[in-house]
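Trainee: Residue numbers (the working numbering): 69 to 256. Before anything else, here's the structure in question.
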């Protein structure tokens, strides 16, 4: 949670919603049930300004970020909306459904993330959206992307799953409460 805590403070965010998907729109296979993924978030999140938001699970079906962002902006009219993603995800952003429409209703904060063979390049079509001035980025207009330097996340969820399958220790990589819960419940 360290990088998200940094983003919360640096960008003076009121709330951060953690939104587990119902059904991925990519080839990514979700192994844990929706109930288990909610429980994992409950074990991970302690900040009262962090919200476990199950709107995609309640909505059901395939999840698309455009639908979620629209839903959030309707829930918080007049508030600045930000989408937080890792730099590896930014590479794929132009492939998302209605990605330009997402930029019309929110700004994007991109945080550094280490992943194997994934340096986090900015697609040429997105370079004009990059904003380096926080004051301008946080203005009321949308369509901006801010590349934030935070503590690096040096483990992915897929790496945690691999280690769990091999009965390897994960206690240094995630919160101890979550590590114990995952080991006790044999989700992976």
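In this text, a Cβ means the ideal position worked out from N, Cα and C, and glycines have one as well.
#1: In whole angstroms, what is the alpha-carbon distance linking residue 200 and residue 233?
#2: List the endpoints of the continuous beta strand (DSSP E) containing residue 119.
#3: Smallest Cα separation from residue 151: which of 235, 253, 75?
#4: Based on the DSSP output, what are the partners of residue 198 in its beta bridges?
#5: Helix, strand or coil: how does DSSP classify residue 126 here?
#6: Beta-carbon within less than 6 Å of residue 89's beta-carbon, same chain only, minus the 5 sequence neighbours each way: which residues are those?
#7: Using the beta-carbon count (16 or more within 10 Å), is residue 244 buried or exposed?
#8: Hey, quick one: how far does the beta strand (DSSP E) through residue 85 stretch, first residue to last?
#9: For the beta strand (DSSP E) holding residue 144, just list the boundary residues, first then last.
#10: Whole angstroms is fine: what's the gap from residue 154's alpha carbon to residue 161's?
#11: Anyone know if the C-beta pair for residue 137 and residue 84 falls short of 9 Å?
#12: Using only the alpha-carbon positions, how far apart do residue 217 and residue 71 sit?
Mentor: Inspection of the coordinates gives the following:
#1: 41 Å
#2: 118–120
#3: 75
#4: 213
#5: helix
#6: 124, 131
#7: exposed
#8: 84–86
#9: That residue, residue 144, is in no beta strand (DSSP E); it is neither H nor E in DSSP.
#10: 11 Å
#11: no
#12: 9 Å
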